[in-house]
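Everything in the sequence shown is counted per the numbering used here, starting at 16 for the first residue and increasing by one. Every residue, glycine too, gets a C-beta built ideally from N, C-alpha and C. Model, not experiment: these values are computed from the prediction.
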Amino acid sequence: MPLCKLCKLDRELRESHFLPAAIYAQLRENSQQNPNPVSMTSRVSLTTSRQITGRVLCAECEERFSRLGETWVLANMARPEGFTIQEALVAAKPIAANENFAYYSSAAVAAINMDALVYFAMSMFWRASAQTWRNVSGFMEGIDLGPFEEAIRRFLLGDKFPADTVILVSVWPTRDVLPAAYTPRRGRAPGYHCFNFLIPGLEFKLLTGRQIPEDLRAMCSHASPDRLIFSAMSVVSDTMESFTKLASTSRVSKNLQEVAKR
Numbered sequence: 016m017p018l019c020k021l022c023k024l025d026r027e028l029r030e031s032h033f034l035p036a037a038i039y040a041q042l043r044e045n046s047q048q049n050p051n052p053v054s055m056t057s058r059v060s061l062t063t064s065r066q067i068t069g070r071v072l073c074a075e076c077e078e079r080f081s082r083l084g085e086t087w088v089l090a091n092m093a094r095p096e097g098f099t100i101q102e103a104l105v106a107a108k109p110i111a112a113n114e115n116f117a118y119y120s121s122a123a124v125a126a127i128n129m130d131a132l133v134y135f136a137m138s139m140f141w142r143a144s145a146q147t148w149r150n151v152s153g154f155m156e157g158i159d160l161g162p163f164e165e166a167i168r169r170f171l172l173g174d175k176f177p178a179d180t181v182i183l184v185s186v187w188p189t190r191d192v193l194p195a196a197y198t199p200r201r202g203r204a205p206g207y208h209c210f211n212f213l214i215p216g217l218e219f220k221l222l223t224g225r226q227i228p229e230d231l232r233a234m235c236s237h238a239s240p241d242r243l244i245f246s247a248m249s250v251v252s253d254t255m256e257s258f259t260k261l262a263s264t265s266r267v268s269k270n271l272q273e274v275a276k277r
């Protein structure tokens with residue numbers, strides 16, 4: 016029997032989701048004849064009900080991910096009925112702000128569970144590195160966390176937060192939230208490593224390496240005294256850049272062409 020990749024114990028494995036199933040549900044357009052979300056890879060764009068899954072975790076570790084992160088985050092991300100996290104920030108006073116950027120003390124906002132946000136984010140980055148997943152185009156490229164993969168795995172099991180690691184949690188800055196998500200991918204950073212991913216209304220960035228600048232270390236959503244949370248127009252530009260890059264090589268399938276004609 017294969018080992019669970021998180022606890023490393025010989026247990027029966029569940030069919031684990033990469034992106035949680037609740038996110039796919041939020042991306043469906045039920046008013047359309049074909050309500051399935053659009054899946055875009057570097058090779059093809061199509062509407063599909065297929066979700067990214069694999070036998071990765073045992074039942075106990077699946078429950079751990081749900082209890083410590085997913086349940087709260089997925090209930091409070093941007094949804095048609097509201098966006099609890101954004102609403103809490105609108106009602107709060109930022110530590111500093113300008114027209115493009117603001118940051119807040121999540122420690123001072125009772126409605127924000129930063130422990131759940133950080134745990135969920137770290138679990139997603141770890142999943143992207145620890146497992147080779149398959150999407151509609153075949154095997155995904157994923158990310159490589161190198162030695163930080165093991166340190167993050169131990170954190171997810173209750174160990175201390177990894178050294179030389181920064182997590183940044185950002186909220187979509189406008190009321191009209193793009194109903195979109197993308198899985199962890201590598202970004203650009205000078206002298207250290209940067210990764211990010213998006214779920215509706217929330218962007219998460221992970222920085223790793225000894226050369227992370229001190230000003231970025233001080234902004235860590237986990238380690239900073241105020242447990243900072245951000246609202247930034249860069250979330251919009253990051254998202255547009257990611258999808259523009261995919262669209263430049265992605266072939267539009269016939270079923271998506273048919274949806275576009277309606």
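Please classify residue i: does DSSP put it in a helix, a strand, or coil?
i      : result
Cys76  : helix
Gly84  : helix
Arg232 : helix
Arg70  : strand
Phe116 : strand
Ala111 : strand
Met55  : strand
Phe154 : strand
Leu18  : strand
Arg190 : coil
Glu30  : strand
Arg160 : Reading off the sequence, residue 160 comes out as Leu, not Arg. Three-state DSSP puts Leu160 in coil, outside helix and strand.
Arg149 : strand
Thr63  : coil
Val267 : strand
Could you check how far apart the C-beta atoms of residue i and residue j are, in whole angstroms? I think they sit under 8 angstroms.
i      : j      : result
Ser120 : Leu231 : In fact, because the Cβ distance is near 18 angstroms, the residues do not count as touching under 8 angstroms.
Leu217 : Val186 : 6 angstroms
Thr346 : Val151 : In the structure as shown, the chain begins at 16 and stops at 277. Residue 346 is therefore absent and cannot be evaluated.
Leu171 : Trp141 : 6 angstroms
Ala247 : Phe116 : 5 angstroms
Ser60  : Val53  : 6 angstroms
Ala40  : Gln66  : About 10 angstroms; that fails the 8 angstroms criterion.
Phe176 : Ala238 : 7 angstroms
Since residue i is in the alpha helix (DSSP H), which residue starts that stretch and which ends it?
i      : result
Pro176 : Per the sequence presented here, residue 176 reads as Phe, with Pro not at that position. Run containing Phe176: none; DSSP gives neither H nor E here.
Phe140 : Met129 to Ala145
Val105 : Thr99 to Val105
Go ahead and label residue i buried or exposed: buried means 16 or more other beta carbons lie within 10 angstroms of its beta carbon, across all protein chains shown.
i      : result
Thr189 : exposed
Gly84  : buried
Ser252 : exposed
Lys220 : buried
Arg79  : buried
Ser31  : buried
Arg168 : buried
Ser64  : exposed
Glu77  : buried
Phe163 : buried
Ala195 : buried
Val184 : buried
Pro205 : exposed
Val250 : buried
Ala143 : buried
Phe245 : buried
Phe210 : buried
Within the continuous beta strand (DSSP E) that includes residue i, where are the two ends?
i      : result
Leu24  : From DSSP, Leu24 is part of no beta strand (DSSP E); its letter is neither H nor E.
Ile182 : Thr180 to Val186
Val246 : Residue 246 is actually Ser in this sequence, not Val. Where Ser246 is concerned, the enclosing beta strand (DSSP E) stretches over Leu243 to Ala247.
Glu218 : Leu217 to Thr223
Tyr197 : Tyr197 to Arg201
Ile214 : His208 to Ile214
Leu42  : From DSSP, Leu42 is part of no beta strand (DSSP E) but of the alpha helix (DSSP H) over Ala36 to Leu42.
Quick check: the Cα distance between residue i and residue j, rounded to an integer number of angstroms?
i      : j      : result
Ala233 : Thr180 : 11 angstroms
Met137 : Arg58  : 28 angstroms
Asp25  : Cys19  : 7 angstroms
Arg200 : Phe212 : 7 angstroms
Leu193 : Ala123 : 27 angstroms
Ala126 : Val88  : 12 angstroms
Ala74  : Met139 : 17 angstroms
Asp159 : Leu132 : 22 angstroms
Glu44  : Pro95  : 11 angstroms
Ala262 : Ser268 : 12 angstroms
Ala111 : Glu156 : 38 angstroms
Leu34  : Gln226 : 30 angstroms
Thr198 : Asn51  : 18 angstroms
Thr86  : Met92  : 10 angstroms
Tyr134 : Thr264 : 33 angstroms
Ile214 : Pro17  : 30 angstroms
Lys260 : Glu27  : 39 angstroms
Pro240 : Met255 : 32 angstroms
Ala145 : Asp191 : 34 angstroms
Ser236 : Glu165 : 21 angstroms
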